[in-house]
Every structure is written in C-alpha cells, then in structure tokens.
Amino acid sequence: NVDVYAPQEVTALRGCGAVKAACGETFSVVMTPRGCYSFGSNGSWQLGTWSGGAGTSSPVAVEFFLGGEHVLHDVACGGEHCVVLASAETPASPGSGSSPGGGASSGSVA
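Our numbering applies: residue 12 is where the sequence shown begins, and numbers increase by one.
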C-alpha cells in the first residue's frame, strides 16, 4: 500500500450510487443502495470482512449486508470501528474485537 495525501476518486466505486462515506483512523466505509463497501486497514476487523485481519486498498463488500436483506440507513466510524444502522434500526458494529463484529454488544452483527 502507498500512502496518499490528496483526495482521489475511488474508481472501483464509480457509478455505485454512493449515499454516504465515513472514515476511521486508517480505513473508510462507503454506503450504497446495495450495501456497504470498506477499504483500508483491518487490524481490528473494522472492515467487517472475513479477510483474517488483512487490509485492502480496493473496496470490498461488507459480507453481512450482501443479499439485500437489510435496508441501510446510516454509517459512522471511530478510530478503529464503524457502526452501520440497518433495517429495523439495529446497529451492526465491526471492529475492535477478535473477529468481524467483535465490537458489538447486542443486535445484528456485521
């Protein structure tokens, strides 16, 4: 990975209909009508993927939201975690745990 200090278009998300983006300390999450995509560092599982803690510079789908079962309402990030408010307004919170979703205490987990 190469550090970039100027805004750049995320070409992999061109045309995805991004609704909202949020950033943590070293990762980003983009909410679209079809789900969430995350990229960056994943040392605390904050990307919500099963990639074994490995980060990625290319956006990957947050697997919990695949399949269209959830309506996404909002996304917010902290330093090493993110929260996605989804259908039935149940928060899903990947990050700062030992596995994806380890930071959540109740409700649906990403």
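Positions of the beta carbon are idealized from the N, C-alpha and C atoms, including for glycine.
Practice problem: Note down the Cα distance separating GLY79 from SER55, rounded to an integer number of angstroms. | Solution: Rounded to whole angstroms, GLY79 to SER55 spans 26 Å at the Cα level.
Quiz prompt | Distance CB(ALA72)-CB(GLY46) smaller than 8 Å | solution = yes
Quiz item: At what residue ranges does the segment 15–47 contain a whole run of the beta strand (DSSP E), taking only runs of 3 or more?
Solution: 31–34 and 38–43
Quiz item: How many whole angstroms separate the CB atoms of ASN53 and THR43, which I take to be in contact at a CB cut-off of 8 Å?
Solution: The pair is not a contact, with the Cβ atoms about 20 Å apart (cut-off 8 Å).
Practice problem: Give the range of the beta strand (DSSP E) segment to which THR60 is assigned. | Solution: Premise fails: THR60 is in no beta strand (DSSP E) and is neither H nor E.
Exercise. Grab me the residues of THR37's own chain with a C-beta within less than 6 Å of its C-beta, minus the 5 sequence neighbours each way, in chain order.
Key: GLY51 and SER52
Quiz item: Between which two residues does the beta strand (DSSP E) containing VAL71 stretch?
Solution: 67–72
Exercise. Mind checking who VAL94 pairs with in its DSSP beta bridge?
Key: Partner(s): ALA87.
Quiz prompt | Beta-carbon proximity check, LEU58 vs VAL41, cutoff 8 Å | solution = no
Quiz item: Taking the C-alpha atoms as reference points, what is the distance between GLY26 and GLN19?
Solution: 15 Å
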